[in-house]
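The listed protein sequences correspond, in order, to chains A and B.
Counting in this note's numbering, the first sequence runs from 1 upward without gaps.
Counting in this note's numbering, the second sequence runs from 1001 upward without gaps.
Positions of the beta carbon are idealized from the N, C-alpha and C atoms, including for glycine.
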Amino acid sequence: MRAMKRFLAHALSTCLGLAIATSAVAGGYMRSGGETFVGVGLKLDYNDSFFDKSGERQHGGCDSGWSMPLFVDHGLSYYTNVFASTSVRYKDCPGDKAWSLSDSEVGLRRRVDPLSNDWVWEASLFVPTSRLGAMRSSDAAAWGYNLGLHWRDRPDPYVLDDTRDPLAGHWDAGFGVRGWAKHLPLEGWAYVTYSRPLGLTNWALGHRAWTFSATLDWRQSLTRTHATAPAVDAHDQFHLLDLRVSFEYPLSRFERFGLSFSQSLLGENRDDSSGITVRYGKTFR
Amino acid sequence: MAKLSANVFFLLLLGLAALVAQAEMVRTDFANLRAGPAATARVITALPKGAEVILKRQEGDYVEVQVRRTGMMGWLYQPAQGWARPAETRPVNPSPASVPDLAMTPVAQVPAPIEKQTAEIPVAPVHPAVLPVAIQAPPSSGTAASASQVEPPPPLIEAQVIDAANALPMAQGEWTYPLQGGDPKHLEVTDLHLEMDALDARVLFRKDPYDRSEFSVLLRDSAGVHAGKVAVKGNFSRHFLKKSLLITLNKGDEKEGRRRIALNAMATDPSQAREWLAWDLIHRLGLPAPRARFTRLHLNGEFIGLYLDIEWMDAAMFERLGLGAGGALYEPEGEGYCGDLSPASVRDAALCWKKLSPGGEGFSDLKQLAESLAAVSSSEFHVWLAQHFDAQSVIDWLVVNTLTQNGDTYNKNYFLHKAGKDGKWRVIPWDYDLAWGRVADGALPFPRTAYNPFFQYAFPPDLGMENPLKRKLFENPQLYAKYLDRLAEVLGDRVSGAASGKAHVGWYEPQRFRHVLADLAALSRITRAQEKYPAPGSERAETMLESLAFFNEWRSHTLRAQLLEKTVFGTPRWMPMPPATPLSDEAMRQRRHQRMDVSASADLAVRHARLPLIEPLLGWVAGVATLREAEAPVRLTIENAREAAPMRLPPGVRAGQCIERTWFATVKSEAPVTLDLEFDYLHEASTRREVPDGMEESTLQIHWFDGQKWHEPAGHVNGLANFIAVPNVRLQPDVAHRFVACAPPQRP
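Here it is, written out as structure tokens:
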């Protein structure tokens, strides 16, 4: 039972982790109308410990494996983008190997003020998918919803100021809530990202430069559940703070490569995981 | 809360005051809004008929006003005594300042009958002007002088008064190249009316510069309504609020056969003249080129600004040019900077070239062309060019680049078209907003590489990146001779019988050029006052227009001296040189000096004619002089002590406040003479300049020493074009008068 609880906790957090990670990675960036971005990744995550309900790290359980996140983002117009994501996962633990399809997400983002590039709200649904080879639980969430607000700090693009540092960093941030169809607590999420170029990309001179970013990702339960039997204490209060460090490299004007490292820093009732992801993305017009 | 209420009340009070303030309306076609209450004050902008202004105060014949729509302040000519024309102070044609600008008819009242008076401002016919005749001593009359008597000097000759502005004695502070009297009706200007969703209309100009979204749009004209999409176009220009736009009309909904309408915002050029001038020359030379004409863009009934409507290069355009609809069209890849027709450029052609038509991925014909071009020798190049190209298009392309001093080309900013009709290639030039004196400085970070205050008129004729078409043409004697002939025709020199009367002949001649520039200035002044998204630097548009006039005149003297005239030894002053070894990054950032004294002499015998003094060996312009008063012809010598801090300065002025050049003027005459003098200084790049660090050129004052005392600052400085002009300087014979340009000491 305890193992099952731990499994569910791990499975859920992994699923949530991937889904949220997808949204936070996309952040508030709005694609041009008529443009489509497709991203595919390969993640190796190592997960053999968890944060117990007092926040202590406990070893035990395994939820390590590979996953392949897929992400598509399309600009319906200047004002509205739609996006979708999913992830194919292979759990690779001793005596426990299984393929699964993580919860998939479909959503839209819309500019709050079309004249400003700063605020974007988003709404999405988590589409339930079956877990191949995994034990289904009647308490597993049927579907979920997400509402969020993103903010981007950008310098005024219309100031031709030669004192402006082209290598200056900038901030992105966002917060929102996630809810589930049944029994699970309402979740709050927030992130803050700092990015900066590590050099100047100049296609004319054949210079390409990496971009660095670091994200702190926070998730927190906002309500208690009133779960019916079987009671699952894993669905009680939780919080989790992850750190993700990413490096992106432009392969061409329309393609980029990304490498990121993630690590849980602290939490309660959630997996303690670390992972490394490589990503490739291309813009189509 | 109390503070908020007080502030709101104060704002309401201000608003009420504005509403009840006496508002007037401009009744003339356009009125010059000046920086001060004087005819010699700088024109800030022109207000169109119907513009509402709020009167502030009267001072002499001028009234200070505030433009209601924009809040801009300035002075309009409005004589307090009424409409009587002031006494003429000039012998020839009054400037528009003597025209009453404003009818004092309050908006709310019935206008009293006021006679509209306008001065007759003659506009010389737009044709190649005749330069002042060569100086000839008239035959002596009367009895022959005895051997013991001295021959009287030949009398001075008056210049042919072609340009009214030239004939005017230049008053203190007046523009050296007054561009008044132009008429925008000489230019073809259309109107384009667009309708789109109100929010989309705002978003189109305000959105993220890199966003590529399209918006639905309706184009309304006399034929009806055309539906399509509009998007922002351009690269660097995206960073300006006034966006360049591309309208793509739906199939079947074309406007006059045009499916795509490209509107160039000219945001990088507040003078709004550079592109139009280049296109005018290109068309007159007969180069295959898209049409380009001014268009006033209106969006949802609101005037947005003046645009340049450039014809989209598609099959329809090539049909119109008689080249047939088929054919191949290539363009150097804008960000590759390698479309220079070298073999390397076609090795991975997709990196350096864009294939615009026909469809498909292959660059085989371009590759063949580049490889064949690499194989031909310079001596045989004229044969090769005639076989593969419409040779005149290549010659004319070089001529346009030389005259405009376009360095942003030869590896970008041109198109190559291979006509299906005759299988020959043609060059189509493109993008001249950074030409006409503007300089790229590789030592500075973007965007100051291109967007900087530097200026030069004397770069060599082959300025720009290496390109085998250019190099081999210059090295081939037959083609080079044709290039020089064509250049001479556009300058107005050496016009052969076949070229006589052609549209390009004399186009670059300064007096003619200034009339065209005056028309452009007149149009720009009217529209600039109403632009919804003024280009940055618009407040310096008048200075930029004057810079163009200066560039044209001084470059025409330079090109003539360097390419068309021979030295006393019969040798040319300029020859195409092998490409220079590029500087290292570090060397490029180091300041370079070329300490030199340049000297030139000339006889001034024609009154009121501008005469360049050309250094005899290098062909550099040492200065331009206009003789105003003299009893006989004089010999003037001008010396420029270049790139050295002035050694003698007015009291209280330090060398660090001054341009690092001293100008000397010496006249050989029997009596004092009065001259207008014009000099230039070097501010070509961050590493090649005579301007000390931190100097604000607009504050420069000209001091001059007559051998006994320093005179009060006088004259006019154009800090953009880097020239100074001193009017009515009285020079004593045989004295080296010294001129320096210094900024007042900065207040701590």
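is_contact[residue i, chain B] using C-beta, thresh 8 Å
i, result
"Thr-228 of chain A", "Residue confidence for Thr-228 of chain A is low, a pLDDT of 44 falling below 50, so the modelled location carries little weight and cannot support an answer."
"Trp-203 of chain A", "yes"
"Gly-281 of chain A", "no"
"Asn-117 of chain A", "yes"
"Glu-255 of chain A", "no"
"Tyr-249 of chain A", "no"
"Ala-11 of chain A", "Summary for Ala-11 of chain A: the model assigns pLDDT 37, below 50, so the residue's position carries little reliability, and this model does not support an answer."
"Ser-138 of chain A", "In this predicted model, Ser-138 of chain A has a pLDDT of only 41, less than 50, meaning its place in the structure is not dependable; the value taken from the coordinates is given anyway. Output row for Ser-138 of chain A: interface = no."
"Ser-32 of chain A", "yes"
"Tyr-78 of chain A", "yes"
Within chain B, partners of residue i - CB distance below 8 Å
i, result
"Gly-188 of chain A", "Per Cβ cutoff of 8 Å: no residues; Gly-188 of chain A is ~29 Å from chain B at best."
"Asn-47 of chain A", "Per Cβ cutoff of 8 Å: no residues; Asn-47 of chain A is ~39 Å from chain B at best."
"Gly-75 of chain A", "Ser-1213"
"Gly-144 of chain A", "Ordered by position in chain B, no residue passes the 8 Å Cβ test against Gly-144 of chain A, which lies about 31 Å from the chain."
8 Å Cβ cutoff, residue i in contact with chain A
i, result
"Asp-1208 of chain B", "yes"
"Val-1203 of chain B", "yes"
"Ala-1164 of chain B", "Its pLDDT being 40, under 50, Ala-1164 of chain B is placed unreliably by the model, and the measurement read from it follows with that caveat. So no, Ala-1164 of chain B is outside the interface."
"Glu-1696 of chain B", "no"
"Leu-1199 of chain B", "yes"
Neighbour list for residue i in chain B, Cβ cutoff strictly below 9 Å
i, result
"Arg-285 of chain A", "Arg-1212"
Same chain only: Cβ atoms within 6 Å of residue i, ignoring 5 sequence neighbours per side
i, result
"Glu-1214 of chain B", "Lys-1229 and Ala-1231"
"Gly-188 of chain A", "Val-177, Gln-220 and Leu-222"
"Tyr-249 of chain A", "Trp-210 and Phe-257"
"Ile-1261 of chain B", "Ile-1247"
"Arg-109 of chain A", "Asn-81, Val-120 and Glu-122"
"Ala-1440 of chain B", "Thr-1449 and Ala-1450"
"Pro-1447 of chain B", "none"
"Met-135 of chain A", "With a pLDDT of only 32 at Met-135 of chain A, under 50, the local geometry of the prediction cannot be trusted, and the value read off the model is given with reservation. Result list for Met-135 of chain A: empty, nothing under 6 Å."
Same chain, Cβ closer than 8 Å to residue i, neighbours up to 5 away in sequence not counted
i, result
"Gly-60 of chain A", "Arg-6, Asp-48, Ser-49 and Phe-50"
"Asp-1365 of chain B", "Ala-1328 and Lys-1418"
"Arg-154 of chain A", "Asn-117, Asp-118 and His-170"
"Arg-1654 of chain B", "Pro-1745"
As assigned by DSSP and simplified to three states, the class of residue i
i, result
"Pro-1086 of chain B", "Because the pLDDT of Pro-1086 of chain B is 31, which lies under 50, any placement of that residue in the model is unreliable, and the number read from its coordinates should be weighed accordingly. Coil."
"Gln-1387 of chain B", "helix"
"Asp-272 of chain A", "strand"
"Ser-262 of chain A", "strand"
"Asp-1485 of chain B", "helix"
"His-1608 of chain B", "coil"
"Asp-1340 of chain B", "coil"
Contact list for residue i against chain A, beta-carbon separation under 9 Å
i, result
"Glu-1335 of chain B", "Asn-202, Trp-203, Ala-204 and Arg-253"
Under 8 Å between C-beta atoms of residue i and residue j
i, j, result
"Pro-1576 of chain B", "Asp-1462 of chain B", "yes"
"Leu-1563 of chain B", "Leu-1611 of chain B", "no"
"Leu-1617 of chain B", "Thr-1567 of chain B", "yes"
"Trp-1384 of chain B", "Val-1376 of chain B", "yes"
"Tyr-1480 of chain B", "Leu-1473 of chain B", "yes"
"Phe-126 of chain A", "Trp-99 of chain A", "no"
"Arg-89 of chain A", "Asp-272 of chain A", "no"
"Glu-1678 of chain B", "Gly-1623 of chain B", "yes"
Per-residue contacts from residue i into chain B (C-beta, under 7 Å)
i, result
"Glu-35 of chain A", "Arg-1212"
"Pro-114 of chain A", "Leu-1199 and Val-1203"
Other residues of its chain near residue i: CB distance less than 7 Å, five sequence neighbours each side excluded
i, result
"Gly-41 of chain A", "Met-68, Pro-69, Thr-277, Val-278 and Arg-279"
"Ile-1282 of chain B", "Ala-1289, Val-1400 and Pro-1429"
"Leu-1731 of chain B", "Ala-1665, Val-1667, Pro-1672, Val-1673, Leu-1675 and His-1737"
"Ala-1201 of chain B", "Leu-1299 and Asn-1300"
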